[in-house]
Amino acid sequence: MKLFAGTAVRRGGAGAALTAAAAALAVALPAPVAQAASAAPGIQAKGAYLQDGGSGRSLWSRSADTPREMASTTKVMTAVVVLEAGGLNLNRKITVKRAYRDYVARHGASTADLRTGDKLTVRQLLYGMLLPSGCDASYALADTFGTGRTMAQRTQSFIARMNARARTLGLARTHYDSFDGIAHGRTYTSPRDLVRLARHALRHPLFAAIVKTARTRQQAANVHRTYTWYNTNRLLGSYRGAIGIKTGTARRAGDCLVFAAQRGGRTVVGAVLNDPYRFRDAARMLDYAFRRR
């Protein structure tokens, strides 16, 4: 389904493979974190997790260890893999290929509206991926940082690196089969895993700076063209102290959000998966967290 520019992408789901994976994982899941019924009232998320970003203390959860589809929150890991690439040059210029635009059109995906032939830096493409949730920007990064002779080989090797990084970060209930969240059957995470990944990503200064940016203007290096990108995260500018992080929307995954806010020197990080009221619920969860000491 084609969406208007600047929204998160609507995508298909993980299907039977995800259902089977969830069932297998459920056997080994630990006892759920204790929850107070009044802790975060009215939260509609199928899965949710809230954590103190400093101490790592769990504050509230619902089905925190159940794997679910995550849509474009996938791009948090895409950014991590790029930022942790050896010999990273953020000013490296990447030429936009027509294949990136065709991919967006074919899937009806969210886009940074990259123009064929434009040269943008790695830094700029990270903004294009994380603010308007550009699947074209995500494709460009995966194609550039993957290895292999063909685009397919390069993107698949990049996805393999995403999964390898998930394992080293201890994200046992997370698996990727795409670089942008357009699921092909086996892209899923749990709210707890997503929060753990977000806390790790926020340690990268550039990632932290990008995801708290509400709007950016970026100039292509080789032509007189300026890109203006708006952040899809509506918490920015509406919730005091909000510092990110990433939205995701898909038909089967529903509305997803991984979020963070800072007040009084304290950082709180949370995630909601499959939540039709993700921004309202994130605000309620953050309010609850900041009332607690």
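Positions -36 to -1, 1 to 257 (mature numbering (1 follows the signal peptide of the UniProt record, and there is no 0)) are the ones given, in order, by the sequence shown.
Cβ atoms here follow ideal geometry from the backbone N, Cα and C, with glycine treated the same way.
Residue i in three-state terms, based on DSSP
{"i": "His139", "result": "strand"}
{"i": "Thr85", "result": "strand"}
{"i": "Thr213", "result": "strand"}
{"i": "Gln226", "result": "strand"}
{"i": "Ala116", "result": "helix"}
{"i": "Tyr241", "result": "coil"}
{"i": "Ala(-11)", "result": "Residue confidence for Ala(-11) is low, a pLDDT of 38 falling below 50, so the modelled location carries little weight and cannot support an answer."}
{"i": "Arg257", "result": "coil"}
{"i": "Ser202", "result": "coil"}
{"i": "Leu14", "result": "strand"}
{"i": "Leu105", "result": "helix"}
{"i": "Ser121", "result": "helix"}
{"i": "Leu95", "result": "coil"}
{"i": "Ala247", "result": "helix"}
{"i": "Leu221", "result": "strand"}
{"i": "Leu90", "result": "helix"}
Distance between beta carbons of residue j and residue i, contact taken as under 8 Å
{"i": "residue 270", "j": "Met126", "result": "No answer is possible for residue 270: the residues shown for the chain start at -36 and end at 257."}
{"i": "Ala178", "j": "Phe171", "result": "So it is not a contact: roughly 16 Å between Cβ atoms."}
{"i": "Ala73", "j": "Ile146", "result": "6 Å"}
{"i": "Asn238", "j": "Ala217", "result": "6 Å"}
{"i": "Met93", "j": "Ala43", "result": "7 Å"}
{"i": "Ala101", "j": "Ala162", "result": "Ala101 to Ala162, Cβ: 19 Å. No contact."}
{"i": "Gln183", "j": "Thr190", "result": "5 Å"}
{"i": "Thr119", "j": "Glu33", "result": "Contact doesn't hold; Cβ gap of about 20 Å is too wide."}
{"i": "Val46", "j": "Phe109", "result": "6 Å"}
{"i": "Ala185", "j": "Leu84", "result": "7 Å"}
Neighbour flag for residue i against chain B, beta carbons, 8 Å
{"i": "Asp77", "result": "In the displayed structure, chain B is absent; only one protein chain is listed."}
Exposed unless 16 or more other CB atoms sit within 10 angstroms - verdict on residue i
{"i": "Ser154", "result": "buried"}
{"i": "Gly212", "result": "buried"}
{"i": "Ala253", "result": "buried"}
{"i": "His71", "result": "buried"}
{"i": "Ala130", "result": "buried"}
{"i": "Ser19", "result": "exposed"}
{"i": "Thr30", "result": "buried"}
{"i": "Arg9", "result": "The sequence shown places Ala at residue 9, not Arg. Answer is buried; the Cβ neighbour count reaches 16."}
{"i": "Gly98", "result": "buried"}
{"i": "Val222", "result": "buried"}
{"i": "Val68", "result": "buried"}
{"i": "Arg257", "result": "exposed"}
{"i": "Pro96", "result": "buried"}
{"i": "Thr75", "result": "buried"}
{"i": "Leu199", "result": "buried"}
{"i": "Ala128", "result": "exposed"}
{"i": "Asp66", "result": "exposed"}
{"i": "Asp219", "result": "buried"}
{"i": "Leu54", "result": "exposed"}
{"i": "Ala173", "result": "exposed"}
{"i": "Ala124", "result": "exposed"}
Proximity test, residue i beta-carbon vs the ligand FMN heavy atom, cut-off 7 Å
{"i": "Leu84", "result": "Looking for the ligand FMN in the displayed structure turns up nothing, as the structure carries no ligands at all."}
For the segment 134 to 141 against the segment 158 to 168, are there 3 or more C-beta pairs whose distance is under 8 Å? yes
Within the segment 125 to 193, note down every full alpha helix (DSSP H) run reaching 4 residues or more, in order along the chain. 155 to 165 and 169 to 175
Segment contact, 8 Å Cβ cut-off, at least three pairs: the segment 198 to 206 with the segment 101 to 113: no
Are there three or more Cβ pairs, one per stretch, closer than 8 Å when the segment 139 to 146 is compared with the segment 18 to 30? no
Is there contact here, the segment 232 to 246 with the segment 49 to 62, by at least three beta-carbon pairs under 8 Å? no
Give a yes or no on contact between the segment 80 to 87 and the segment 30 to 45, applying the rule of three or more CB pairs nearer than 8 Å. no
Would you say the segment 233 to 242 touches the segment 4 to 22, given that touching needs at least three Cβ pairs under 8 Å? yes
Runs of beta strand (DSSP E) lying entirely within the segment 33 to 69, each at least 3 residues, in chain order: 57 to 59
Can you confirm whether the segment 84 to 99 touches the segment 45 to 58 when touching is taken to mean that 3 or more C-beta pairs between the two stretches lie within less than 8 Å? yes
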